[in-house]
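J.:
Numbering (the numbering used here), first residue to last: 2 to 177.
1) So the candidates are 149, 145 and 76; which of them puts its Cα closest to the Cα of residue 109?
2) Strictly by DSSP, which residues pair up with residue 94?
3) Taking DSSP as the reference, what is the three-state secondary structure of residue 8?
4) How do the segment 32-50 and the segment 83-91 stand: do at least 3 beta-carbon pairs fall below 8 Å, yes or no?
5) Could you give the distance in angstroms between the alpha-carbon of residue 171 and the alpha-carbon of residue 155?
6) Terminal residues of the continuous beta strand (DSSP E) containing residue 117?
7) Buried or exposed for residue 134, please, with buried defined as at least 16 other CB atoms from any protein chain shown within 10 angstroms of its CB.
8) When DSSP labels each residue in this structure, what does residue 172 get in the three-state scheme?
9) Are the segment 65-83 and the segment 15-28 touching by the rule of at least three beta carbon pairs closer than 8 Å?
10) Tell me which residue opens and which closes the alpha helix (DSSP H) that residue 72 is part of.
11) According to DSSP, residue 148 sits in a beta bridge with which residue or residues?
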């Protein structure tokens, strides 16, 4: 998903409904970093129709696991209702920087995976969370699927810019 400037966007909230009489919007949080709202001045609003606009964030607060948004110029329930189903995004360049060696799921999804021997396995379809070590779900050729633990001993190189991952699988892993 990209903005008008072709920079990729990160969706941080999705509007559910209007709240109260002053134009507030109840939104689901779609970020692991809710504290980021303190630094956000504006969103790129992605409408269900596919259109986009820039909206200024006037205020926000958290309530029952959701975020309540007060957008500039949205003064009543009717105006707030217009945002139901919209997603609020920020440019990728404004994402929270993770420590070295940590990645967002969306950075890994779509990466091509190769073994240290040069064998092309396929592309990462998703990251599976099992409560233990996260697992790369790699979609290979001919509906083949590989499950590879996202462990430093196995995943030896990740280059998100090149969308490439190199793994050194232990014997038998790829036959499972």
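Using N, Cα and C, we set each Cβ at its ideal position, and we do this for glycine too. Computed from a prediction, not measured in an experiment: that's the story for all the values here.
T.: Let me lay it out:
1) Translated into the one-based positions of the chain shown, residue 109 becomes position 108. Checked all of 149, 145 and 76; the closest Cα to residue 109 is 149.
2) Here residue 94 refers to the residue found at position 93 of the chain shown. In the DSSP output, where bridge partners are listed per residue, residue 94 has none listed.
3) Position 7 of the chain shown, counted from the start, is the residue given in the question as residue 8. In the structure shown, residue 8 sits in coil (DSSP, three-state: anything other than H, G, I, E or B).
4) yes
5) As a position in the chain shown, residue 171 is number 170, starting the count at 1. As a position in the chain shown, residue 155 is number 154, starting the count at 1. Going from the Cα of residue 171 to the Cα of residue 155 covers about 7 Å.
6) On the chain shown, position 116 is the one that residue 117 refers to. Residue 117: not part of any beta strand (DSSP E); DSSP gives it neither H nor E.
7) For the purposes of this step, residue 134 is identified with residue 133 of the chain shown, where counting begins at 1. When all chains shown are included, residue 134 counts as exposed.
8) Residue 172 sits at position 171 when you count from the first residue of the chain shown. Residue state, collapsed to three classes: coil.
9) yes
10) Residue mapping note: residue 72 aligns to position 71 of the chain shown, counting from 1. First-last for residue 72: 67-72, but that is the beta strand (DSSP E), not the alpha helix (DSSP H).
11) Position 147 of the chain shown, counting from 1, holds the residue named residue 148. Bridge partners of residue 148: 138.
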